[in-house]
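Numbered per full-length UniProt numbering, the sequence shown spans residues 1 to 315.
Before any comments, here is the structure.
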Amino acid sequence: MRGLSRLVGDRPGPAPEVPSRRPEPASAPLAVLTMARDEGPMLRRWVEHYARHVGAEHLVVVDDGTTDGSTDDLPCPVLRLPPITRPFERTRMGVLSGLARGLLEAYDAVLFADADELVVADPDRWTDLGHLVRERPEALALGALGLNVLHARDEAPLDPDAPVLGQRRHATFVPLMCKPALKWVAADWVAASHGLRAPYAVDPDLYLFHLKFADRDHLRAVADRRRAMVRADGRAAGTSWSKGPEEMLEVLDRAAARLARSSPETFRAPAGADLDALVVPGDDPGVWRAPKGGQVQAMVQRPAHRLADRFLGLL
Numbered sequence: 001m002r003g004l005s006r007l008v009g010d011r012p013g014p015a016p017e018v019p020s021r022r023p024e025p026a027s028a029p030l031a032v033l034t035m036a037r038d039e040g041p042m043l044r045r046w047v048e049h050y051a052r053h054v055g056a057e058h059l060v061v062v063d064d065g066t067t068d069g070s071t072d073d074l075p076c077p078v079l080r081l082p083p084i085t086r087p088f089e090r091t092r093m094g095v096l097s098g099l100a101r102g103l104l105e106a107y108d109a110v111l112f113a114d115a116d117e118l119v120v121a122d123p124d125r126w127t128d129l130g131h132l133v134r135e136r137p138e139a140l141a142l143g144a145l146g147l148n149v150l151h152a153r154d155e156a157p158l159d160p161d162a163p164v165l166g167q168r169r170h171a172t173f174v175p176l177m178c179k180p181a182l183k184w185v186a187a188d189w190v191a192a193s194h195g196l197r198a199p200y201a202v203d204p205d206l207y208l209f210h211l212k213f214a215d216r217d218h219l220r221a222v223a224d225r226r227r228a229m230v231r232a233d234g235r236a237a238g239t240s241w242s243k244g245p246e247e248m249l250e251v252l253d254r255a256a257a258r259l260a261r262s263s264p265e266t267f268r269a270p271a272g273a274d275l276d277a278l279v280v281p282g283d284d285p286g287v288w289r290a291p292k293g294g295q296v297q298a299m300v301q302r303p304a305h306r307l308a309d310r311f312l313g314l315l
């Protein structure tokens, strides 16, 4: 895909060994992974979304010590981990990368998305994610266009039984969220899944809708829970997980204020050099990643966009 040769060729020093994908197709195109702890109704929405694309039997939820019952009675496999005592983020990436490596023995590709991340293929071109996977015969890995969905000031709280898009119509494009979510090769995810030990390109037909900011009440609860985790075991320290509910609500309010002051343009996928720029060399040799720059910075500095009508009701 566009940009791949540029990335491989521009790395300093000896070119890293590029993983190869299996030549023979598997009987199932795609498995989907997440790792969750106390995600409440959001996890149920995640399961329902990806089950529509690949079937619940092709999902794996890794349970990192859930206590709220959200991983009970799910229609998909649940792997329950013991308490994590090693460095959390390194352990999380190791578990997920190892699972993905094993699943690639039986599937063509594996997708990883957090419990509040719903990935879709552009419905104008693809029937579902499996359709896109089958039509990318040379891809090693793909990033998705990362959009943080916004709760505008005049919108009601989310109805958990109705599609998000339609209740919400605006989002902020966040380059950091253009993660290499989908891969065909046994290369490890790194940098909290924002990077990969293989070259990849961002596919303009692949969208990641991040729902962290899609509901004020949800954002408040998530921020409170995540800050407690940082204090308890240091996980994700130095990220927005360290910010409390009021800080995160202020970020949402500043982003939503832009909507009140202007009429946002409909989001359009970047192309050419702008698309290529969404993948950059990582700090370590053989790593490629989404551009650095926090979500909070993007939310308060980048414009909000209206979502195209074709996405409404899709998730």
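Cβ atoms here follow ideal geometry from the backbone N, Cα and C, with glycine treated the same way.
- Ranking S70, H49, H170 and L74 by CA distance to the CA of V120 puts H49 first.
- Bounds of any beta strand (DSSP E) do not take in P245; it lies within the alpha helix (DSSP H) bounded by P245 to R261.
- By a beta-carbon distance limit of 8 angstroms, A187 contacts A141. Their separation comes to about 7 angstroms.
- With respect to P29, R125 sits apart: the two C-beta atoms are not nearer than 8 angstroms.
- Within the same chain, Cβ atoms closer than 8 angstroms to the Cβ of F267 are found at L147, A171, F173, H305, R306, L307 and A308, the five residues on either side in sequence being excluded.
- Taking C-alpha positions only, D63 is separated from S262 by approximately 42 angstroms.
- Put simply, of S20, R197 and I84 the residue whose alpha carbon is nearest the alpha carbon of P137 is S20.
- Just so you know, the alpha carbons of P75 and P281 end up roughly 39 angstroms apart.
- Per DSSP, the beta bridge partners of W189 are L196.
- In the three-state scheme derived from DSSP, where H, G and I count as helix and E and B as strand, G282 is classed as coil.
- For the pair W189 and R101, the Cα-to-Cα distance works out to about 11 angstroms.
- Its Cα nearest to that of F112, the residue L182 stands out among L182, E105 and T91.
- Within the stretch 31-114, the alpha helix (DSSP H) runs of at least 4 residues that lie entirely inside it are, in chain order, 41-54 and 88-103.
- The stretch 210-221 makes contact with the stretch 242-250; the number of CB pairs closer than 8 angstroms reaches 3 or more.
- For W46 and L315, the gap between their C-alpha atoms comes out near 9 angstroms.
- For D276, the three-state secondary structure derived from DSSP is helix.
- Under DSSP, E117 takes part in a beta bridge, and its partners are H210.
- When only Cα atoms are considered, A51 and E155 end up about 28 angstroms apart.
- Sixteen is the threshold: when 16 or more other Cβ atoms of the shown chains lie within 10 Å of the Cβ of Q295, as they do, the residue is buried.
- Note on P83: under 16 other CB atoms within 10 angstroms of its CB, so exposed under the neighbour-count rule.
- Around the beta-carbon of K292, fewer than 16 other beta-carbon atoms lie within 10 Å, marking it exposed.
- Secondary structure note for H131: its alpha helix (DSSP H) is the uninterrupted segment L129 to R134.
- In this model, L103 and M93 are separated by some 15 angstroms (Cα to Cα).
- Between S70 and D116, the alpha-carbon positions lie close to 13 angstroms from each other.
- For R44, the closest of L208, A273, A106 and L118 by C-alpha to C-alpha distance is L118.
- When only Cα atoms are considered, D284 and D276 end up about 20 angstroms apart.
- Listed as beta-bridge partners of A171 by DSSP are V149 and H305.
- Counting along the chain, V287 sits inside no alpha helix (DSSP H), nor does DSSP assign it H or E at all.
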